[in-house]
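Counting from 462, one number per residue, gives the positions in the sequence shown under my numbering. Have a look at the structure below, then the notes.
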Amino acid sequence: MKQGDRVKVSETLSDRTAQRERLEARRNQLQIAINQMSLPLPPIQQPPTPSFSEEEAAIAKARNDLALVEMEIEAAPPLRFKVDYLNVIHDQDKIQKRQWLQEKRIKHRLRSILLLLG
């Protein structure tokens with residue numbers, strides 16, 4: 462086109478092909494996103510009904526397990542010496558068993574506390 466040329470209705474004055482294609486691609490992407498968002502959501506599953514009897518049974522079991530561990534600790538064989546370094550040298554197996562029982566006690570206490578907290 463030059464200055465003074467006549468323009469007819471619906472005549473293309475300039476063609477920005479690259480920009481038009483980019484905008485059309487963006488419009489198509491947005492339309493796809495809108496279509497995906499308008500799809501119905503899958504039904505939500507209801508949470509299981511709480512079973513207080515199961516929770517109470519789990520708490521009772523944890524308490525019983527803890528009581529058994531406490532009884533094992535009480536029944537653990539005594540150390541032979543009153544001086545710790547002699548026990549470390551001579552009663553290594555007894556010390557390891559006592560440590561294992563103490564760890565077991567702590568784990569059972571934590572488990573019962575967690576069950577109580579829900």
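All C-beta atoms, glycine included, are put in the ideal place defined by N, C-alpha and C. Only a predicted model underlies this, so the values are computations on that prediction, with no experimental measurement involved.
Item to check | Supposed contact pair L577 and I520 - C-beta distance, whole angstroms, cut 8 Å | outcome: 6 Å
Next on the checklist: Are the CB atoms of A523 and H569 within a distance shorter than 8 Å?
Outcome noted: yes
Item to check | Cβ distance (whole Å) where L562 is taken to contact D552 below 8 Å | outcome: The Cβ separation is near 14 Å, so there is no contact.
Item to check | 8 Å contact criterion, which R559 and A537 should meet: CB distance rounded | outcome: 6 Å
Next on the checklist: At 4 residues or longer, what runs of the alpha helix (DSSP H) sit wholly inside the segment 536-564?
Outcome noted: 545-551
Item to check | Element boundaries [alpha helix (DSSP H), containing T478] | outcome: T478 to M498
Next on the checklist: Buried or exposed, going by whether 16 or more other CB atoms sit within 10 Å of the CB of Q527?
Outcome noted: The sequence shown places Leu at residue 527, rather than the Gln named in the question. The residue in question, L527, is buried, as its Cβ has 16 or more Cβ neighbours within 10 Å.
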